[in-house]
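Taken in sequence, the protein lines are chains A and B. Quick note: the first sequence uses numbering that gives the first Met the number 0, first residue 0, plus one each step. Quick note: the second sequence uses numbering that gives the first Met the number 0, first residue 0, plus one each step. Every residue gets a Cβ at the ideal spot worked out from N, C-alpha and C, and that includes glycine. Accompanying notes for the structure given below.
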Amino acid sequence: MPDKTFSLRLYRWLVKLYPAGFREDYAQLLERQFRDELDESSGAVSLGILWIRLLRDLAISVPLQFSREVAQDAKHTFRLWARRPWQIGFATLALAIGIGANTGVFSVVNALLLRSLPFRDPERLAYLSLDFQPPHDSARQFHDWRRESAYLADAAVFEQFDVNLGGAGEWRRVHAIQASWNFFSVLGTQPVLGRAFAPGEDVDGTGWGPPGRNAVAVIGYGFWQDLFGGDPKALGATLRLDGNPLTIIGVAPPGFDYPGKAVIWKPAAFSGGNNGWETVARLKPGISWSQARAAFTTEVNRLWPNRTQLQKLQYPSALTELRNELAGPARRGSLALMACAGLALLIACTNVANLLMARTADRAAEFSIRSALGASRARLSQQLLTECMLLSLAACTVGVLVALWTTSIAAKLQPAALASQAYSLLDGRVLGFAIAASVLSGLLFGVLPSLAAGRVPTVGSHASSNTRSSRLTSDTLVAAQVMLTIMLLTASISVGRAFAHLMHIDRGFDRSGLATVNVSLEGTTHQTDASRLSYFEEALARVRRLPGIQTASATEFLPLYADAFIGGRFRVNGRLAAKASMVNPVLPDYFRAMGGHILWGRELTDAEVRNNARVAIINERFASEFGAPANAVGSEFVNDDEHWKIIGVVTTMDYMTEGADSYEAFVPDRSPGSFFSTFVVRVNGRAEDRLAMIRDTIQSVDRDVPVFGVKSMEQRLADLLARPDFYRTAVLCFTAFALLLVVMGVYGIVSYTVARRTREMGIRLALGTTPERLRARHLWQGLVPIAGGAIPGIAGAVLSSRLLESIVEGAESVNAATYAACVLFIAFVAALGIWLATRPIARLEILEILRTE
Amino acid sequence: MYRFVLDMTTRHQSAAEDLAPLPPVIFHILLSLGMGERHGYALKREISLRTGGKLKPGPGALYGSIGKMLELGLIEESDARPDPHLDDERRRYYRITPYGRKVAQAEAARMRELVQLAAARFGVLKHA
Chain A
0 MPDKTFSLRL YRWLVKLYPA GFREDYAQLL ERQFRDELDE SSGAVSLGIL
50 WIRLLRDLAI SVPLQFSREV AQDAKHTFRL WARRPWQIGF ATLALAIGIG
100 ANTGVFSVVN ALLLRSLPFR DPERLAYLSL DFQPPHDSAR QFHDWRRESA
150 YLADAAVFEQ FDVNLGGAGE WRRVHAIQAS WNFFSVLGTQ PVLGRAFAPG
200 EDVDGTGWGP PGRNAVAVIG YGFWQDLFGG DPKALGATLR LDGNPLTIIG
250 VAPPGFDYPG KAVIWKPAAF SGGNNGWETV ARLKPGISWS QARAAFTTEV
300 NRLWPNRTQL QKLQYPSALT ELRNELAGPA RRGSLALMAC AGLALLIACT
350 NVANLLMART ADRAAEFSIR SALGASRARL SQQLLTECML LSLAACTVGV
400 LVALWTTSIA AKLQPAALAS QAYSLLDGRV LGFAIAASVL SGLLFGVLPS
450 LAAGRVPTVG SHASSNTRSS RLTSDTLVAA QVMLTIMLLT ASISVGRAFA
500 HLMHIDRGFD RSGLATVNVS LEGTTHQTDA SRLSYFEEAL ARVRRLPGIQ
550 TASATEFLPL YADAFIGGRF RVNGRLAAKA SMVNPVLPDY FRAMGGHILW
600 GRELTDAEVR NNARVAIINE RFASEFGAPA NAVGSEFVND DEHWKIIGVV
650 TTMDYMTEGA DSYEAFVPDR SPGSFFSTFV VRVNGRAEDR LAMIRDTIQS
700 VDRDVPVFGV KSMEQRLADL LARPDFYRTA VLCFTAFALL LVVMGVYGIV
750 SYTVARRTRE MGIRLALGTT PERLRARHLW QGLVPIAGGA IPGIAGAVLS
800 SRLLESIVEG AESVNAATYA ACVLFIAFVA ALGIWLATRP IARLEILEIL
850 RTE
Chain B
0 MYRFVLDMTT RHQSAAEDLA PLPPVIFHIL LSLGMGERHG YALKREISLR
50 TGGKLKPGPG ALYGSIGKML ELGLIEESDA RPDPHLDDER RRYYRITPYG
100 RKVAQAEAAR MRELVQLAAA RFGVLKHA
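In structure tokens form, the structure reads like this:
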């Protein structure tokens with residue numbers, strides 16, 4: 000009967016699903032009964048019925064037996080924990096921090112990389128880099144291009160602005176978008192109220208264009224709530240953007256603020272000269288990403304056939320997934336952080352594994368008795384595994400609390416593009432990860448003790464812990480920890496140095512005691528060229544009269560703030576400069592206010608600004624291209640038919656975060672308030688203390704002028720460096736945690752060994768050894784695994800530092816001396832742990848020990 | 000290990016009534032063992048016969064119940080083999096313990112009370 004043989008074999012295999020204890024007791028009997036039932040059944044139908052009944056029986060009895068055995072094991076585990084609360088408390092805490100940090104970092108990764116965007120089919124949305132400009136001389140040209148595309152189902156262009164918004168309460172500064180009419184349909188988003196743009200509502204023109212068909216706007220949901228209290232009557236209301244009226248036609252759905260925290264969207268005005276367009280597109284159905292990329296490259300080469308290799312490098316055109324584009328630089332950083340958190344969890348796991356192994360050895364007597372009474376290796380392993388799983392579940396619970404805290408820190412660092420997507424621990428994926436992390440770590444450190452349990456001898460009790468192999472295993476675990484810790488330690492040194500470098504880099508200005516305030520005159524009564532300067536002069540005069548103010552000035556482009564510049568390639572004394580220079584219109588006393596240094600020549604005067612004198616101050620780097628910088632003063636500086644006379648040379652200010660390499664020219668600002676206008680005020684003492692006073696004073700000149708960006712220069716720098724700072728802090732925390740674990744691990748193992756070998760040491764002492772010699776012996780033995788972990792640790796650190804260099808700005812591999820210092824430091828810390836653990840040796844009473852024998 | 004032994008004894012001491020109501024399979028096993036020693040498959044066949052095929056415990060349910068009954072001390076394993084020639088030594092025989100008898104009696108008493116209550120409320124069917 001071949002099918003009966005098969006049935007029997009299948010049933011035998013299914014019986015393995017039962018837990019170990021039940022299987023040991025009843026596997027043979029179950030099989031016997033199955034055989035009997037098999038013999039009774041004849042024909043395919045009755046065999047089928049038999050199997051249906053059996054499967055139902057298995058489905059009910061397997062979980063039942065499991066729950067019974069797990070409940071038994073759990074009860075046993077809790078009794079054991081109650082006996083050693085400290086040991087278990089430490090293990091839980093170590094794992095909880097490991098799991099919590101991982102869950103926290105994962106929730107960031109989840110929000111950045113995995114969570115779906117609030118768009119329809121976001122995985123089919125592409126972003127075409129800013130360096131690619133689709134044909135856009137007119138609306139028609141653009142729409143023809145997108146309709147004819149062979150690989151894009153649809154595409155929309157948009158441009159981002161910060162504008163002054165009026166017409167609804169007081170003036171404010173908002174992020175606004177002008178976009179081709181199909182912007183919302185490409186993303187697959189519909190307004191919750193009113194309508195999106197209609198075909199033909201985008202027009203030809205420049206900038207915001209004249210009021211016309213495109214003088215309509217969709218506003219953000221939060222903005223609608225804030226401004227109109229969620230009143231549907233908002234539809235039809237008029238807003239003024241930089242003075243231009245717009246009629247509200249729709250309200251975007253909650254949470255939609257793409258791109259970059261936008262609160263208002265209007266139809267575009269196309270013009271050939273504008274090259275600020277960004278493109279978002281949806282791939283044609285059936286087109287893969289690699290096909291789309293190839294088609295895009297072909298198209299770029301067709302549209303710009305004469306691009307040189309250099310231009311291709313300088314302006315790379317790329318088609319990327321919108322999701323990756325939004326995650327931006329945070330993507331790789333988060334993944335690196337994830338790796339660090341993973342390492343920390345791994346260290347925590349090895350540590351707990353070691354601890355449990357020691358416990359297992361400790362419990363050799365118990366296991367021997369149980370196995371003598373018939374418990375199999377599988378049954379004992381199951382018991383240990385249950386203990387580990389319970390431990391990791393307890394750790395998971397505490398870990399979620401830690402994660403709540405870590406996510407709240409991480410949430411502060413989300414990129415603006417994703418601002419609407421609040422981090423939430425209640426996300427199923429995050430919770431799933433916490434559970435997976437805890438179960439996986441449970442398995443990881445459950446396996447080793449189980450293997451050790453497998454080796455527990457059935458007779459005798461004390462031998463196992465002293466066997467060479469168990470010593471080897473625990474040494475290997477310590478070595479592994481040391482290896483991982485070295486990797487973390489060098490990474491934290493590298494990231495820490497990079498951050499310190501960023502913080503202390505000479506940016507060419509003095510950031511302490513410097514207050515900055517932005518204003519924008521667009522759409523206000525000071526909009527005309529004639530009244531711009533008088534507004535600024537009045538504001539500066541009032542600020543300068545305030546107590547504690549050294550001086551004040553204003554600039555169109557502030558370092559660390561402006562994200563666009565004006566400039567060009569200039570001639571000095573008839574010679575064309577090697578590269579383009581930025582041109583920054585400023586008001587008098589700018590360099591004194593910024594704390595910059597005029598090296599030769601002088602600052603601009605009030606008269607020069609008022610008369611729009613053709614004078615300029617250039618930076619040292621620019622001046623040095625044409626001989627000695629001092630000689631540049633008095634030279635002529637030409638662009639097309641405009642001439643400026645160089646009246647001064649200053650140290651380079653770090654405008655474009657490319658250090659001392661940029662060319663800069665400063666000219667009198669006759670019509671301030673046109674670009675990223677910022678008041679800069681040098682104060683006595685802390686800039687933060689005077690910010691409110693300065694803001695109120697500037698506001699007092701004209702309440703209708705939006706005043707924003709009220710920050711000290713140090714705050715601006717801190718904002719800029721928030722992400723590197725977070726990485727540094729996180730890596731430092733992980734490292735400190737890893738070091739603590741290494742110390743506790745080493746301490747635990749050594750003190751355990753000392754406790755077990757009291758008798759042997761008593762004999763040695765009786766034979767004439769001194770306690771110091773015994774302690775030194777332990778020290779050397781304890782340092783062996785440290786040395787063993789150091790070599791692969793350095794190798795791993797060298798490899799990981801390469802990765803780190805590409806992720807963290809300014810991170811550099813540490814040198815050999817630093818590696819050596821790291822290893823010595825860990826060895827020193829470990830030695831301290833060992834020395835403390837061997838303290839009991841000094842207190843050993845020989846007679847006491849020998850008497851007990 | 001000492002604790003484990005202590006647990007066994009405490010279980011024995013729990014009153015027979017405390018286990019009521021018994022799961023049907025356990026009560027049927029006790030009923031069958033009341034007539035003498037049985038092995039697992041014989042128990043299954045008897046239960047099936049007695050209930051007209053309505054209760055047919057599969058191997059997992061049967062030995063799960065047997066395991067629990069052994070643990071509770073309701074039954075015990077028997078070394079006796081009625082006929083070594085007829086029987087496979089892999090079969091295991093079980094017999095009821097005095098405690099098991101008490102529990103079965105308590106369960107029957109509980110049922111009788113229920114039956115009497117039902118009869119008082121609804122009357123008794125003549126040809127049930």
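Which of helix, strand or coil DSSP assigns to residue i
i               : result
S670 of chain A : coil
A579 of chain A : coil
T319 of chain A : strand
Y17 of chain A  : coil
Y257 of chain A : coil
R776 of chain A : helix
H525 of chain A : coil
Y126 of chain A : strand
E641 of chain A : strand
W170 of chain A : coil
I176 of chain A : strand
K3 of chain A   : helix
K101 of chain B : helix
H27 of chain B  : helix
K265 of chain A : strand
F625 of chain A : coil
I286 of chain A : coil
L238 of chain A : strand
Endpoints, alpha helix (DSSP H) assigned at residue i
i               : result
H142 of chain A : A138 to E147
S661 of chain A : That residue, S661 of chain A, is in no alpha helix (DSSP H); it is neither H nor E in DSSP.
Y92 of chain B  : Run containing Y92 of chain B: none in the alpha helix (DSSP H); it sits in the beta strand (DSSP E), Y92 to I95.
I504 of chain A : Premise fails: I504 of chain A is in no alpha helix (DSSP H) and is neither H nor E.
L766 of chain A : Where L766 of chain A is concerned, there is no enclosing alpha helix (DSSP H), given that its DSSP letter is neither H nor E.
S184 of chain A : F182 to L186
Q714 of chain A : M712 to L719
F699 of chain A : The residue you asked about is not Phe; residue 699 of chain A is Ser in the sequence shown. Its alpha helix (DSSP H) spans residues L690 to V700.
G229 of chain A : Careful: G229 of chain A lies outside any alpha helix (DSSP H) and carries neither H nor E.
Same chain, Cβ closer than 7 Å to residue i, neighbours up to 5 away in sequence not counted
i               : result
Q115 of chain B : none
R842 of chain A : none
Neighbourhood of residue i by C-beta distance below 6 Å, restricted to the same chain and skipping five residues each side
i               : result
P266 of chain A : W180, F196, E200, D201 and N213
V637 of chain A : R570
Unbroken beta strand (DSSP E) run spanning residue i, endpoints
i               : result
W80 of chain A  : It is not in any beta strand (DSSP E) - W80 of chain A instead sits in the alpha helix (DSSP H) that spans G42 to R82.
L518 of chain A : Per the sequence shown, residue 518 of chain A should be read as Val rather than Leu. Residues L513 to V518.
W599 of chain A : I597 to G600
K55 of chain B  : That residue, K55 of chain B, is in no beta strand (DSSP E); it is neither H nor E in DSSP.
Neighbourhood of residue i by C-beta, 8 Å cutoff - its chain only, sequence neighbours within 5 removed
i               : result
A60 of chain B  : V24
Y560 of chain A : T515, N517, F675, T677, G708 and R715
S699 of chain A : R541
Is the stretch 487-499 of chain A touching the stretch 722-736 of chain A, taking contact as three or more C-beta pairs under 8 Å? Enough Cβ pairs lie closer than 8 Å, so yes.
Would you check if there are 3 or more beta carbon pairs closer than 8 Å linking the stretch 615-629 of chain A to the stretch 551-558 of chain A? Segments in contact, no.
Cβ-based contacts, 7 Å cut-off: residues of the stretch 62-94 of chain A near chain B: Residues L63 and Q64.
If we count Cβ pairs, one from each stretch, closer than 8 Å, do we get three or more for the stretch 212-229 of chain A versus the stretch 174-194 of chain A? At 8 Å Cβ cutoff, the stretches touch.
Using Cβ-Cβ distances below 7 Å, what residues of the stretch 22-38 of chain A are close to chain B? Result list: D24, Y25, Q27, L28, L29, R31, Q32, F33 and D35.
Beta carbons nearer than 8 Å to chain A: which residues of the stretch 32-50 of chain B have them? So the list reads G39, Y40 and K43, given in the order they occur along the chain.
Residues within the stretch 367-380 of chain A neighbouring chain B, beta-carbon criterion of under 8 Å: Listed by position, the residues of the stretch 367-380 of chain A near chain B (Cβ gap below 8 Å) are I368, R369 and L372.
Give me the subset of the stretch 42-58 of chain A whose CB atoms are less than 8 Å from a CB atom of chain B, sorted by chain position. Answer in chain order: R52, L53, R55, D56 and L57.
Using 8 Å as the threshold, is the stretch 54-62 of chain A in touch with the stretch 350-370 of chain A, meaning 3 or more CB pairs across them? No, they do not touch.
If you measure beta-carbon to beta-carbon, which residues of the stretch 68-80 of chain B are closer than 8 Å to chain A? The stretch 68-80 of chain B vs chain A, Cβ under 8 Å: nothing.
Three Cβ pairs or more, each shorter than 8 Å: is that satisfied between the stretch 151-164 of chain A and the stretch 86-102 of chain A? Not touching, per the Cβ criterion.
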